[in-house]
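J.: Before anything else, here's the structure in question.
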Amino acid sequence: MKQAYVDQALHLLNAPRPAPEVSPYVIADPSALQAHVDQIVGAPPIVRAQRGTTNRNARGGSDGRRRRREWLVSCFRADKDVVVIELFHGPMTVEVETGTEGGQPACRCYRCGVLLTVDTVTADRIKPGCQGGTYRRDNLRPACSRCNSETGAALGNERKGRKRA
Ligand SMILES: [Zn+2]
């Protein structure tokens with residue numbers, strides 16, 4: 032194990048979690064880093080339930096929603112992949128070059144630019160539901176759950192009294 036990984040692992044463990052879901056660190060070999068983090072702290076229980084849990088039980092069956100998220104990632108494919116590293120406080124998404132072993136394809140939130148995977152992307156309707164917008168693919172773009180709920184809440188306040196269908 033290279034000393035650089037050790038330093039980076041310790042830095043990641045000690046640092047407060049940076050902005051929304053993606054760390055600014057670009058790591059050459061994330062699987063090696065994960066192995067080292069596990070070695071230091073003991074492999075933590077995998078915490079995945081916190082990611083992408085909005086919209087469960089709504090807007091179609093789970094298979095259809097997953098296919099929709101897969102379509103969003105492939106259609107709006109970013110120039111980077113991501114690797115999810117499990118830390119104490121939950122998963123951290125790390126940006127890697129495409130083709131990196133263990134990397135997952137990603138797309139970017141249309142609003143804040145954060146990298147999103149099939150597990151974290153949400154479908155934002157360009158024409159919102161309260162204006163009759165549907166989940167047809169020509170009305171969809173990728174959003175992180177935070178931006179999606181913020182824009183939804185803003186719209187709701189704007190149009191008080193008219194709830195989304
Ligand atoms: Zn966002």
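Under this note's numbering, the first residue of the sequence shown carries the number 32, and numbering increases by one thereafter. The C-beta atom is built at its ideal place from N, Cα and C for all residues, glycine as well.
1. Is the segment 113 to 126 touching the segment 144 to 155 in the sense that three or more CB pairs, one from each, lie closer than 8 Å?
2. Determine the direct distance from the alpha carbon of D60 to that of R87, and round the result to whole angstroms.
3. In its own chain, which residues sit with a C-beta less than 8 Å from the C-beta of V104, not counting the 5 before and 5 after it?
4. Kindly list the residues whose CB is nearer than 7 Å to the CB of A109, restricted to its own chain and excluding five residues on each side of it in sequence; keep chain order.
5. Can you tell which of R167, G187, H120 has its C-alpha closest to the C-alpha of R96?
6. Go to E132, then tell me how far its alpha helix (DSSP H) extends in each direction, as first and last residue.
7. G164 and R177 look like a contact to me (Cβ under 8 Å); what is the Cβ gap, rounded to whole Å?
8. According to DSSP, which residues form a beta bridge with V115?
9. For G134, collect the residues of the same chain with a Cβ closer than 7 Å to its Cβ; drop the 5 residues on either side in sequence, then sort them by chain order.
10. Can you list, in chain order, every residue whose CB sits closer than 6 Å to a heavy atom of ligand 1?
T.: Walking through what the data contain:
1. Under the three-pair Cβ rule at 8 Å, the segment 144 to 155 counts as touching the segment 113 to 126.
2. Along the sequence shown, read from residue 1 onward, the residue named residue 87 stands at position 56. Along the sequence shown, read from residue 1 onward, the residue named residue 60 stands at position 29. At R87 the pLDDT is 45, less than 50, meaning the model places this residue with poor confidence; the figure from the coordinates comes in the next sentence. So the alpha carbons of these two residues sit roughly 33 Å apart.
3. Residue mapping note: residue 104 aligns to position 73 of the sequence shown, counting from 1. Answer for V104: P136, A137, C138, L147, T148, V149, V152, P173, listed in chain order.
4. In the sequence shown, counting from the first residue as 1, residue 109 sits at position 78. The residues are A137, C138, R139, L146.
5. Residue numbering aside, residue 96 sits at position 65 when the sequence shown is read from its first letter. Cα-wise, what sits closest to R96 is R167.
6. Counted from its first residue, the sequence shown places residue 132 at position 101. Premise fails: E132 is in no alpha helix (DSSP H) and is neither H nor E.
7. For the purposes of this step, residue 164 is identified with residue 133 of the sequence shown, where counting begins at 1. For the purposes of this step, residue 177 is identified with residue 146 of the sequence shown, where counting begins at 1. Actually they are not in contact, since the Cβ atoms of G164 and R177 sit about 20 Å apart, beyond 8 Å.
8. Here residue 115 refers to the residue found at position 84 of the sequence shown. Within the DSSP secondary-structure output, V115 pairs in a beta bridge with T124.
9. By 1-based counting over the sequence shown, the position of residue 134 is 103. D112, V113, V114, V127.
10. C140, R142, C143, V145, A174, C175, R177, C178
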